[in-house]
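**Student:**
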């Protein structure tokens, strides 16, 4: 029983990370109808900003050497700037293009950022140690929970509550909700497209920075492709949650993360390498039962 509870905590921690990535993808999609596959590269950029560019396997720390409040602020700012730059340079000129063009451009931006990072940091995986104080386990009714997992779950819940307040209680949040429902009508009512879209990208960068810090603290490794799998899982999470639904994206991310850990823990050893196939089969089953997602959005298909 205790082992099962331990696995549930592991599943909740991973699901929390996927929920944050899925929320970032759903945020941009809700406003622009753009699946931004560069989201994983924002995450990678934030992770690599912790170290000095070098070919060494154990590089010296850059932002990672700062006191933790400054380190967090620097990584978040780096990811937000990266997201805003890609929106301004790559996506804004294509805003009136068809969805296929936007999708291809997001792949192009993703590959460009990956290779730019490889040019600066080389493609060699690196190790970095941050958050060592969070590695200590906390005993809760006989279950030993790593402090980092608790921080991950608390951070996710706090951010989700913050997003709800932002979207419902602030002027920019109400404008974002209006844009997600009907962008053309929102513009006619005075919503500024550039402001709302840029703010959405900035928030997606903020979430990417948060996930990058939590992920590096958990794994202790840096890799040029470290953002690929979280984004793939988050994309499926966004689909099963309901395209354009932020609540659905967060729920889908949590479910996908939980399913991934449970399959890894309870599949026979010979089948564990096929865990991802099991997760994707679950996605198919959910979509067969709920073609529009678990929490479908009422947003129409028209765009900016």
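In my numbering, the protein residues as written are 19 to 322.
A virtual CB, placed ideally from N, CA and C, is assigned to each residue, including glycine.
Looking at the structure shown, is residue 287 part of a helix, part of a strand, or coil, going by DSSP?
**Tutor:** helix
**Student:** Quick check: the Cα distance between residue 90 and residue 227, rounded to an integer number of angstroms?
**Tutor:** 8 Å
**Student:** Can you list, in chain order, the stretches of the beta strand (DSSP E) that have 3 or more residues and sit fully within the segment 206-280?
**Tutor:** none
**Student:** The beta strand (DSSP E) with residue 161 in it runs from where to where?
**Tutor:** 161-164
**Student:** In three-state DSSP terms, what is residue 155?
**Tutor:** Residue 155 carries a strand assignment under DSSP once its states are collapsed to helix, strand and coil.
**Student:** Mind checking who residue 69 pairs with in its DSSP beta bridge?
**Tutor:** 79
**Student:** Could you tell me which of 43, 206 and 288 sits nearest to residue 52, measuring between CA atoms?
**Tutor:** 43
**Student:** Classify residue 28 as buried or exposed, calling it buried when 16 or more other Cβ atoms lie within 10 Å of its own Cβ.
**Tutor:** buried
**Student:** With distances taken between CB atoms, is the gap from residue 216 to residue 98 smaller than 8 Å?
**Tutor:** no
**Student:** Taking only three categories from DSSP, how would you classify residue 144?
**Tutor:** Residue state, collapsed to three classes: strand.
**Student:** Does the distance from the CB of residue 103 to the CB of residue 59 come in under 8 Å?
**Tutor:** Their beta carbons are not under 8 Å apart, which means residue 103 does not touch residue 59 by this criterion.
**Student:** Ends of the alpha helix (DSSP H) at residue 129?
**Tutor:** 117-139
**Student:** Should residue 139 go down as buried or exposed, given a rule of 16 or more other Cβ atoms within 10 Å for buried?
**Tutor:** buried
**Student:** When you compare each of 199, 71, 196 and 277 to residue 143 by their alpha carbons, which one comes out closest?
**Tutor:** Taking only the C-alpha atoms, the option nearest residue 143 is 71.
**Student:** What is the rounded straight-line gap between the Cα of residue 55 and the Cα of residue 249?
**Tutor:** About 7 Å.
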